[in-house]
Amino acid sequence: MNRAQQTRAAGPSLAVEIAGLHLKNPVMPASGTFGYGEEYAPFFNLDELGAIITKGLSLRPKAGNPTPRIAETTSGMLNAIGLQNVGIDAFMRDKMPFLRQFHTPVIVNFFGNTLDEYGEMARRLADLPEVAAAELNISCPNVKAGGIVFGTDPGAAAEVVALVRRHLRQPLIVKLTPNVTDITVMARAVEEAGADAISCINTLTGMAVDIRTRRPRLANLTGGLSGPAIRPLAVRMVYQVVRTVKVPVIGVGGIMRAEDALEFLIAGARAVQVGTANFVDPGAMPAIIAGLEKYCREQGVTDINQVIGSLKTEG
Amino acid sequence: MNRAQQTRAAGPSLAVEIAGLHLKNPVMPASGTFGYGEEYAPFFNLDELGAIITKGLSLRPKAGNPTPRIAETTSGMLNAIGLQNVGIDAFMRDKMPFLRQFHTPVIVNFFGNTLDEYGEMARRLADLPEVAAAELNISCPNVKAGGIVFGTDPGAAAEVVALVRRHLRQPLIVKLTPNVTDITVMARAVEEAGADAISCINTLTGMAVDIRTRRPRLANLTGGLSGPAIRPLAVRMVYQVVRTVKVPVIGVGGIMRAEDALEFLIAGARAVQVGTANFVDPGAMPAIIAGLEKYCREQGVTDINQVIGSLKTEG
Amino acid sequence: MEQDLLMTNLKTTILSNQEVAPGYFRMRILAPGFVTSARPGQFLMLRVLDGMEPLLRRPFGIFRTGWLPADCQGLPPKEYVEILYKVVGSGTTLMKDLHQGDGVEILGPLGKGFELLDAPEQILVGGGIGLVPLFMLAAQLVKRGRVRLLMGGRCRDDILAVTEFERLGVETYVSTDDGSLGEAGLVTEVLVRQLERLPQAAVYACGPTAMLRAVHGICAARDVPLQVSLEAYMACGVGACLGCVVAGAEHTEQNPQYLCTCKEGPVFRAGQLLWHKLEEPRDVCGCNEEEP
Amino acid sequence: MEQDLLMTNLKTTILSNQEVAPGYFRMRILAPGFVTSARPGQFLMLRVLDGMEPLLRRPFGIFRTGWLPADCQGLPPKEYVEILYKVVGSGTTLMKDLHQGDGVEILGPLGKGFELLDAPEQILVGGGIGLVPLFMLAAQLVKRGRVRLLMGGRCRDDILAVTEFERLGVETYVSTDDGSLGEAGLVTEVLVRQLERLPQAAVYACGPTAMLRAVHGICAARDVPLQVSLEAYMACGVGACLGCVVAGAEHTEQNPQYLCTCKEGPVFRAGQLLWHKLEEPRDVCGCNEEEP
Ligand SMILES: Cc1cc2nc3c(=O)[nH]c(=O)nc-3n(C[C@H](O)[C@H](O)[C@H](O)COP(=O)(O)OP(=O)(O)OC[C@H]3O[C@@H](n4cnc5c(N)ncnc54)[C@H](O)[C@@H]3O)c2cc1C
Ligand SMILES: Cc1cc2nc3c(=O)[nH]c(=O)nc-3n(C[C@H](O)[C@H](O)[C@H](O)COP(=O)(O)OP(=O)(O)OC[C@H]3O[C@@H](n4cnc5c(N)ncnc54)[C@H](O)[C@@H]3O)c2cc1C
Ligand SMILES: Cc1cc2nc3c(=O)[nH]c(=O)nc-3n(C[C@H](O)[C@H](O)[C@H](O)COP(=O)(O)O)c2cc1C
Ligand SMILES: Cc1cc2nc3c(=O)[nH]c(=O)nc-3n(C[C@H](O)[C@H](O)[C@H](O)COP(=O)(O)O)c2cc1C
Ligand code: FES
Ligand code: FES
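Sequences listed follow chains A, B, C and D, in order. So the first sequence is numbered by our numbering: it starts at 6 and just counts up by one. So the second sequence is numbered by our numbering: it starts at 6 and just counts up by one. So the third sequence is numbered by our numbering: it starts at 986 and just counts up by one. So the fourth sequence is numbered by our numbering: it starts at 986 and just counts up by one.
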């Protein structure tokens, strides 16, 4: 059997590399939509995933916002969870042991309430060999102290990224907020400050009103919009960022099906994250992975990397 | 018959006032989605509307972008029309005579390619008594020279607003772009520069990819996202702007039904514009007006102004 | 944990979908595995269409499970699950128009159900559509002793499935606000009277928050054990999104303690909850003015 | 103008919806007013669901209109409109699952139809689903003289409704790329042969852009008048959004001239268009490789 035959028999390769991390395929959950992994383990083997990203963690446990915390909108949902999480210690004690059974790299999404906390978290994460990479959330629009300042100001973003980069051992993925005038400015700032990869986008700040009670539908008044409604915005921003920076970009926002993931990959994303779709269908990610493989076959592509960035923009 | 009985017999009042303009109800088309009025005249009596807003006009006719110019996305659509329009002279010659038959105020939406053109347009509009008000588009994301600079920079926006205000005789509505980090900064800037009212939002810049051809689905690569997908973002921005400025705010973005319009009114918008919904249902605006009346009746409200800004945010 | 491993997302079909009272529907869905896995008080998340609207699944209590008899062609018997729902918004409006043979996806059984206590008297309190999770509970409790159902609603239309409870051997006490069926008055008044006679009872309740709060007050004052089944806005139904949390008894502003309604509930012992923080997700049974 | 006043948005119902060839459906819709108002070459915009997905209406050519006979209860006869569509994406996939009695909304009749020329020979050229707007045209042209239909497709499945044309008295010439029905080859080759015999003909064509471009080349070289019906991505269908424009013959970068396919079209005289700028909205008939 020669090389070409082998490839054909084995099916197309979906493996990608992000900042030194080898992923068996480019599909991973978006932070905050997959709990700590465990919650979705009954539905499929977590080893099928390219990586696992945790709910955003902080130094100390965090309570989050009052309820209602979620509201459905047309083809989207608003959430104002408020970054509720068990804290890094409880995560390592109670959640990590479960994840250790799998061979899929675990990426910890994290945030701090102050610059110091960000630095402290980075130091803690550096000591944890099970943590394959860290995703820095500088973009959560829900919590006043939880990133809004860092994520929308290039100077502040660069400062926190540089600090975290100094302390972290693992690859650093920085997650950008879409709530900015020019996402390329932010992308450039975090790349220069040491980001090894960029994920975008986080949610867009939105609001909904219950016209019967005339109250906001979220206790927090505003929340983050996610789901298929935001996909065209996410694809645009990913495309812009890909053309701006050299580090790999992970596309997030409204991916429900393989076709959606492919829009991001063709636009240049090296990998994708799937968020809200997990709620709609716990089997969304395995279906997307299967769909990518099918697409490669149909397009006669042996390696998904041939699809990445293959957008034809002129006539 | 006493006063209260009269009101009950007459039905709730939907009349609102925007910068001295009396509107029989708060519903008007969003610029660019209703042509020059004529196109929808076969479907209902244009006198039912609170006002009519024209397609964006410029000093000279403008060709717009190559096709495809539109692409459907999940609960939204992207457009990259590129501000194609017949120009102010052809509008006055060919389109205005038709609109003169109606009693509904005509608001001209306009833009310029340069600061000078904006000023020149304002002077021309000032001389046209049939133009009840002008809506200044500083926010179109499609045309490089057509506003993107003005709409995302508070200084530039203030400059063009001040210039236009100086020349215009009629009330000046300034339309804001949502593609900014903080819409309140822009709102404050245009209010201080002389805007008599603010409308928001224009479309959000998005992109979609045809995964089969691996080409962008719009010839222009990116386009403006409109439709129900963006409503939560529009409601949030309108709410923020209402709390920032004193001038009246007109809500736009994803309004399909009376319930949607009410979200904006309750959040504080004095009136609303209906865009993409016209394409989906040419009868959308009359249905929305009827729905507002029904809501007032059900809520025991005699005047729509009691609904405007009635959002309860505590407790 | 063993509970989790039984969770599935079934792409399945509707067996029947009928209006049982004005605005209330009963849907029977083909559901392999549910008879053995579903426990009283658990729920499922239903997805109506394959499209994007409505985006999120809708949570519904499991009314009951059962077997369709083997058919004449010798095919084996099939398991089904039944839900009972009230038409309130976009999702349930779509649901009511579905027919036999139409496809749905159901995720479940989800959550923690009722703990069956060994009290000498078992009292179930249902408000409107809140009666749903009590049926399977009743079916199990009648094996242990005497079971009473106190069923309240605004009017006769809100009183559902009472004869089915009776067929199980449950004694039922119906009350409506307007007296159009059973006794005129609040279900909580009936509960007070019952507990006077049966101070040893255990109470299981589901209904609008205002009713549950009143029931809690009544039981707490008499030291009667109470379990309640709650509703909350949910996105995932499996504990992943943290959208559905409810404040636990230990909850303070400084030391927050949140419980997931989907995973640690929907059934809670009354003592687990911080009652004054409890919110009504929405009036679904038409009787949220029930608070006495 | 008088045309505009006849436009309506009808909330109406489906009379039938049947697969007529693999992937091709014919839908008959109750459509009061259409028999008198619809002209050959016009189209309608159809909305499948009352929901938000798919958001935009879909444009479809009017295949024909007609009267349902008065029924036995003495109810008056009813007007219908028929469309013929190919399942290609999200909207048509939803459409194919609709049944008699399901609701749809149709906006129309829209656009400018064909101009009926008084040529001694009339030749219709249809590519795949592009045959749709030619049927009503044929029905009118046969009253004026001899009409030929040259119908092309990739394979036999793409050849629709030919017997219906024949029943009108139209001479039909079928060709398929793979020779599975009629002559093997391109419809344009048939056209060349016909025009050799009938240089006085007027040609009316609808199909993929590549085919239309070839037809235009053939007709232009022989000075034969040609009208073509185009497709374009549409949002409004009434000339309001400017989404569907096509470059006019006078169009230059400096002096742009755009025509709305929905309002100034979908039928254009070949001379109105800037042919080298014409784009394919998408391959809907499965035969866009037809360019010779
Ligand atoms: C554990 C649990 C069990 C339930 N069991 C039943 C039952 O057996 N029968 C029944 O009729 N109803 C039950 N409900 C309530 C039911 O989920 C809602 O009535 C339903 O989701 C409304 O959907 P809709 O699209 O018609 O309403 P919409 O108002 O259009 O829904 C909009 C969004 O709000 C959510 N929502 C609206 N009302 C409620 C509510 N009361 N509780 C939670 N989310 C809500 C919807 O799920 C959706 O995400 C239960 C809820 C929970 C949490
Ligand atoms: C004037 C006119 C007449 C037409 N007549 C017919 C007909 O008689 N029979 C028939 O089968 N088809 C016809 N078409 C094409 C038909 O409109 C598309 O096949 C249909 O819109 C596809 O919808 P979809 O949701 O299945 O595809 P999707 O690809 O999911 O549609 C996505 C979007 O693209 C648009 N779109 C996709 N393909 C086309 C296309 N070829 N032309 C225009 N818009 C497109 C859709 O309207 C929608 O807005 C006509 C098009 C036009 C403009
Ligand atoms: C319920 C919920 C919780 C989220 N929590 C986090 C979080 O903790 N950290 C983070 O970086 N992003 C968080 N996000 C954002 C998602 O990771 C993702 O960026 C966003 O939802 C867009 O993707 P989607 O449209 O696929 O959901 C959350 C999103 C949702 C819906
Ligand atoms: C096809 C199209 C053309 C538009 N043209 C203009 C325009 O010329 N000037 C302008 O200010 N806004 C224009 N807009 C933006 C709308 O006026 C409106 O702000 C936006 O569509 C959001 O509202 P909607 O979601 O109700 O459509 C256009 C929008 C669409 C969809
Ligand atoms: S619904 Fe997601 S955690 Fe409960
Ligand atoms: S489709 Fe809107 S102008 Fe033609």
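Glycine residues also receive a C-beta, built at the ideal position from the N, C-alpha and C atoms.
- Scanning its chain for C-beta atoms nearer than 8 Å, with the 5 sequence neighbours on each side dropped, one finds around V1005/D the residues R1011, L1069, L1145 and A1146, in chain order.
- Beta-bridge partners of K1063/D (DSSP): L1053/D.
- Collapsing the DSSP output to three states places A213/B in coil.
- Counting the other CB atoms within 10 Å of its CB gives H1201/C a total of 16 or more, which places it among the buried residues.
- Contact between L1215/D and C1204/D is ruled out by a C-beta separation of about 15 Å, above the 8 Å threshold.
- Secondary-structure assignment with DSSP links I75/A through a beta bridge to N84/A.
- Interface annotation for the stretch 1066 to 1098 of chain C against chain A: L1092, criterion Cβ-Cβ distance under 7 Å.
- DSSP, read as helix, strand or coil, puts F1028/C in strand.
- Per DSSP, the beta bridge partners of D308/A are S18/A.
- Taking 9 Å as the threshold, the shortest C-beta distance from L1031/D to chain B does not fall below it.
- DSSP places K996/C inside the beta strand (DSSP E), whose first and last residues are T993 to A1006.
- Remark: fewer than three beta-carbon pairs, one from each stretch, lie closer than 8 Å, so the stretch 1118 to 1128 of chain D and the stretch 1085 to 1096 of chain D are not flagged as touching.
- Nearest to I216/A by alpha-carbon distance, out of L297/B, G232/B, A239/B and L226/B, is L297/B.
- In this structure, the C-beta of V279/A stays at least 8 Å away from each heavy atom of ligand 5.
- For E1106/C, the three-state secondary structure derived from DSSP is strand.
- When the five nearest sequence neighbours on each side are left out, the beta carbons in the same chain lying within less than 8 Å of the beta carbon of A224/B are those of N70, P71, T72, P73, R74 and A85, in order along the chain.
- The beta carbon of R193/B sits closer than 7 Å to those of T249 and V250, all from its chain and outside the five residues before and after it, given in chain order.
- DSSP places C1140/D outside both helix and strand once states are collapsed to three, so it counts as coil.
- Under a criterion of Cβ atoms nearer than 7 Å, the residues of chain B adjacent to N184/A are, in order, T186.
- In the three-state DSSP reduction, G61/B falls in the coil class, being neither helix nor strand.
- Boundaries of the alpha helix (DSSP H) harbouring A161/A: P159 to H172, taken from the DSSP string.
- Closest in alpha carbon position to A1186/C, among P1105/C, G1192/C, K1063/C and G1059/C, is P1105/C.
- Counting along the chain, no alpha helix (DSSP H) covers F48/B, and no H or E run does either.
- Linking D1163/D to G1112/D through their CA atoms gives a straight-line distance of about 14 Å.
- CA-CA distance, A282/B to V254/B, rounds to 20 Å.
- Sequence-ordered contacts of the stretch 26 to 39 of chain A with chain B are nonexistent [C-beta pairs closer than 8 Å].
- If you look at G69/A, you'll find it isn't in any alpha helix (DSSP H); DSSP assigns it neither H nor E.
- Between the C-alpha atoms of R1129/C and V1033/C there is a straight-line separation of about 38 Å.
- Contact annotation for M82/A against chain C: L1040, L1041 and A1220 [CB-CB distance below 8 Å, chain order].
- Rounded to the nearest whole angstrom, the CA to CA distance from L1135/C to V285/A is 36 Å.
- Here E77/A is buried. Its C-beta has 16 or more other C-beta atoms within 10 Å.
- Note that the C-beta distance between D265/B and R302/B is not below 9 Å.
- A contact is defined here as three or more CB-CB pairs under 8 Å, and the stretch 16 to 34 of chain B meets this definition with respect to the stretch 271 to 278 of chain B.
- By alpha-carbon distance to T1078/D, the top candidate from P1039/D, V1209/D and L1153/D is P1039/D.
- D1143/D counts as buried, since at least 16 other C-beta atoms from the protein chains shown sit within 10 angstroms of its C-beta.
- Nearest C-alpha to N207/B among A161/B, Q245/B and K180/B: K180/B.
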